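Residue numbers (this note's numbering): 9 to 289.
Virtual Cβ for every residue (Gly too), placed ideally from N, Cα, C.
Being a predicted model, the structure only gives us computed values, none of them experimental.
Data first, discussion second: the structure below is written as structure tokens.
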């Protein structure tokens, strides 16, 4: 297995969930060296470049934004999955971490003048007026991109309680990954609505991403960058997978060898991959 391949990082993420001695024996069995304590800047740049060009659920980008780190925000700005709402929040210094209110510094070369255009109907009607005036998805999404921080979400919550927002606006707001869960439930709670929100990339948390998303290789590759990109949240994924990995792989070197062979082409979820590798071995 190539040391610098994304597949090796995916396997490495799982190896970190078992005892160190078991992990070392498995590494020898599949030809994977112990990872460096600290990756070189060149390696990190290449990994971040890969990450920014890899489509991910929008909630994954939110976990990075929740770090309120200017340099990480700049990486999110470059991400292929970032939208106008995220980029607008980044250059305006909007904090995303729970309980944080202090503005986040904007890292160079980003600047406020790079903000996506302010939609005309927002300028004409204001936030709530623009949402109510949106009669198709395009205007609704652009209006929803103007909801910034907790004050913006509170204004939307109050307006919808006073008089329900129209359907396109409700949907555009619901698929914002930073939409407060209570507001999302207020905007729509039936099963079909929840399914569509999930399909749009809104995830309850890293545990759900780790256990329910697929293909497994891509999920694990993204999670393998959790420590540098979203350290506050990645432990949720680790905790969700650890018991399963220890039960089905653990100290079984042959099971790890099977997993290393399967991971590049396996289309199921991470739990399905782990269970399959353990069963085959």
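Within 9 Å, strictly: CB atoms of residue i and residue j
| i | j | result |
| --- | --- | --- |
| residue 118 | residue 99 | yes |
| residue 211 | residue 167 | no |
| residue 101 | residue 90 | no |
| residue 209 | residue 65 | yes |
| residue 155 | residue 93 | yes |
| residue 228 | residue 17 | yes |
| residue 236 | residue 275 | no |
| residue 219 | residue 191 | no |
| residue 141 | residue 151 | yes |
Proximity winner among the options, relative to residue i (alpha-carbon distances)
| i | options | result |
| --- | --- | --- |
| residue 216 | 175, 273, 160 and 277 | 277 |
| residue 271 | 240, 286, 225 and 258 | 225 |
| residue 128 | 71, 153 and 91 | 153 |
| residue 109 | 243, 199 and 159 | 159 |
| residue 56 | 163, 238 and 200 | 238 |
| residue 234 | 36, 63, 39 and 72 | 72 |
| residue 78 | 259, 268, 97 and 15 | 97 |
| residue 149 | 37, 86, 132 and 177 | 177 |
| residue 157 | 84, 95 and 201 | 95 |
| residue 114 | 198, 48, 31 and 83 | 83 |
Per-residue burial, residue i [other beta carbons within 10 Å of its own, 16 or more giving buried]
| i | result |
| --- | --- |
| residue 75 | buried |
| residue 20 | buried |
| residue 182 | buried |
| residue 205 | buried |
| residue 247 | exposed |
| residue 340 | Residue 340 lies beyond the residue range present for the chain, which begins at 9 and ends at 289; the question has no answer from this structure. |
| residue 58 | exposed |
Supposed contact pair residue j and residue i - C-beta distance, whole angstroms, cut 8 Å
| i | j | result |
| --- | --- | --- |
| residue 263 | residue 245 | Rounded, the Cβ-Cβ distance is 21 Å, inconsistent with contact. |
| residue 70 | residue 185 | 4 Å |
| residue 38 | residue 265 | 5 Å |
| residue 104 | residue 60 | Not really, about 18 Å apart at Cβ, beyond 8 Å. |
The region 198-214 / the region 50-60 touching (three or more Cβ pairs under 8 Å): These segments do not touch.
For the region 170-177 and the region 131-147, state whether three or more C-beta atom pairs, one from each stretch, are separated by less than 8 Å. Contact holds: three or more Cβ-Cβ distances are below 8 Å.
Hey, is the region 18-31 in contact with the region 247-256, meaning 3+ C-beta pairs nearer than 8 Å? Counting Cβ pairs under 8 Å, three or more are found: they touch.
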